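K.L.:
Take a look at the following structure, please.
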Amino acid sequence: MKAVRFSRFGGPEVLELVELPDPHPGPGQVRIAVRAAGLNPSDWKKREGLMDQELPQTMGHEAAGVVDEVGAGVTDAAVGDRVFGFTAEEAAQAESAVLAHYAPIPAVLGFAAAAALPAAVETATRALDALGVAAGHTLLVNGASGNVGGAAVQLAVARGARVIGTAGAANHDYLRTLGAEPVAYGAGLADRVRAFVPGGVDRALDVAGSGVLPELIGLAGGAEHVVTVADFAGAQEHGVTFSRGDTGRALHVLSEIGPLIESGRFAVPDVRTFPLAEVAAAHRAGEAGGVRGKLVLVVG
């Protein structure tokens with residue numbers, strides 16, 4: 531099979547499309563013929579050597595496709611099923627991939643839209659679970675217009691929470707479509723939030739990592755009511771929980787997101803696609819910023 535790999539750290543030019551042996555699923559796993567694979571900021575961090583130090587490395591951990599082989603003990607998927615989810619290894623950006631955690635693709639979605647879901651909804655749900663967001667809570671999401679922020683807004687609204695979201699003025703109408711009350715980020719954030727909720731909020735989630743943890747702590751009434759997925763140093767400094775996947779993942783959302791999508795309670799972000807062979811161009815687009823929505827590689 532063809533797969534994206536790099537054998538040295540550097541810019542997008544180090545990415546190669548190489549031939550690798552076909553993978554096979556282990557017990558409880560399925561193999562898919564990949565139709566689409568998501569791109570995430572962690573991909574360029576890995577490529578630059580800012581994360582894992584092993585070489586060579588394959589890329590990607592979320593994909594959507596058609597099951598073409600099932601492992602021992604699998605009873606919830608069969609050859610020919612359309613599924614999406616997380617790979618057993620970091621090797622989703624390839625013609626074939628083994629999924630360790632998966633769910634049926636909602637009938638209303640194509641492969642590219644399905645591949646845009648796993649990382650964003652898992653990260654958002656993991657943070658909401660850590661905060662205990664529930665019906666009746668008021669949640670502040672800092673950085674609400676990105677993929678994870680937008681997912682967090684919609685999932686919190688689905689739980690019955692009121693959501694206030696920070697974003698630039700150009701994204702305020704978009705946040706309203708997701709169910710959030712928008713406020714501008716930047717200096718004076720706390721005062722603008724208190725104009726909506728004079729007594730502060732119940733919980734706060736930092737997705738942007740923009741150095742506002744002290745303000746979020748003040749608004750939420752303590753560091754124990756704040757979670758960040760983007761500011762590790764700030765979390766250590768201010769006693770805030772930093773949510774990361776290696777401390778436990780909210781995989782239950784893979785089976786829960788389909789009904790929300792089909793009922794119109796969750797909108798998939800805009801998707802910009804690149805052919806698998808143009809992975810370097812996709813990295814350049816992602817690193818340049820300014821893209822609202824998800825970058826996805828399409829296969830076949």
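For what it's worth, my numbering labels the leading residue of the sequence shown as 531, then goes sequentially.
No residue lacks a Cβ here, since even glycine has one placed at the ideal position from N, Cα and C.
Just so you know, these numbers come straight off a predicted model, no measurement behind them.
(1) Would you mind listing the beta strand (DSSP E) stretches within the segment 632-686 that are 3+ residues and don't spill past its ends, in chain order?
(2) Pick helix, strand or coil for Asp-736, following the three-state DSSP scheme.
(3) If you drop the 5 nearest sequence neighbours on each side, which residues of the same chain put their C-beta closer than 6 Å to that of Gly-540?
(4) Restricting to runs no shorter than 4 residues, where is the alpha helix (DSSP H) found entirely within the segment 554-640?
(5) Glu-834: which of Ile-747, Glu-786 and Gln-587 sits nearest, CA to CA?
(6) How about Asn-701 and Ser-740: are their beta carbons less than 9 Å apart?
(7) Could you please give me the residues that DSSP links to Phe-762 through a beta bridge?
(8) Classify Leu-550 as helix, strand or coil using the three-state DSSP reduction.
(9) Under 8 Å by Cβ, that's how I've got Ala-710 and Ile-694 pegged, so tell me the actual separation to the nearest angstrom.
(10) With DSSP as the reference, identify every bridge partner of Glu-711, one or two as the case may be.
(11) Determine the extent of the beta strand (DSSP E) in which Arg-689 is found, giving its start and end residues.
(12) I want to see whether chain C comes within less than 9 Å of Ala-618, judged by CB atoms only; does it?
(13) Closest to Ile-791 by C-alpha separation, out of Gly-769, Ala-644 and Arg-565, would be which residue?
(14) Using CA coordinates, which residue listed in Val-671, Ala-681, Gly-698 and Ala-664 is at the minimum distance from Ala-691?
(15) In this structure, how does DSSP classify Phe-804 when only helix, strand and coil are distinguished?
(16) Could you spell out where the alpha helix (DSSP H) holding Val-783 opens and where it closes?
(17) Whole angstroms is fine: what's the gap from Asp-573's alpha carbon to Met-531's?
P.N.:
Once the coordinates are examined:
(1) 668-672
(2) Here residue 736 refers to the residue found at position 206 when the sequence shown is read from its first residue. Strand at Asp-736.
(3) Reading the sequence shown from its first residue, position 10 is the one you call residue 540. For Gly-540, there are no CB contacts under 6 Å within the same chain when 5 residues up- and downstream are skipped.
(4) 571-577
(5) Missing from the structure shown is residue 834; the chain here goes from 531 to 830 and no further.
(6) Walking along the sequence shown from the start, residue 701 turns up at place 171. Walking along the sequence shown from the start, residue 740 turns up at place 210. Contact flag unset, no.
(7) Here residue 762 refers to the residue found at position 232 of the sequence shown. Answer is none; Phe-762 lacks a bridge partner.
(8) Residue 550 sits at position 20 when you count from the first residue of the sequence shown. DSSP places Leu-550 in coil when its eight states are reduced to three.
(9) The sequence position of residue 710 within the sequence shown is 180, counting from 1. The sequence position of residue 694 within the sequence shown is 164, counting from 1. Between Ile-694 and Ala-710 the Cβ distance is about 7 Å, and since that is below 8 Å, they are a contact.
(10) For this step, residue 711 is matched to residue 181 along the sequence shown. Answer by DSSP bridge pairing, in chain order: Ile-694.
(11) Looking up residue 689 in the sequence shown gives position 159. First-last for Arg-689: undefined, no H or E at that position.
(12) Judged by its chain identifiers, the structure shown contains no chain C, having just a single protein chain.
(13) The residue you call residue 791 lines up with position 261 of the sequence shown. Ranking Gly-769, Ala-644 and Arg-565 by Cα distance to Ile-791 puts Ala-644 first.
(14) Looking up residue 691 in the sequence shown gives position 161. Comparing Cα-Cα distances from Ala-691 to each of Val-671, Ala-681, Gly-698 and Ala-664, the minimum goes to Ala-664.
(15) By one-based count along the sequence shown, residue 804 stands at place 274. Note: Phe-804 maps to strand in three-state DSSP.
(16) Numbered from 1 along the sequence shown, position 253 holds the residue referred to as residue 783. Note, Val-783: alpha helix (DSSP H), 783-792.
(17) Residue mapping note: residue 573 aligns to position 43 of the sequence shown, counting from 1. Residue mapping note: residue 531 aligns to position 1 of the sequence shown, counting from 1. Cα to Cα, the separation comes out at about 20 Å.
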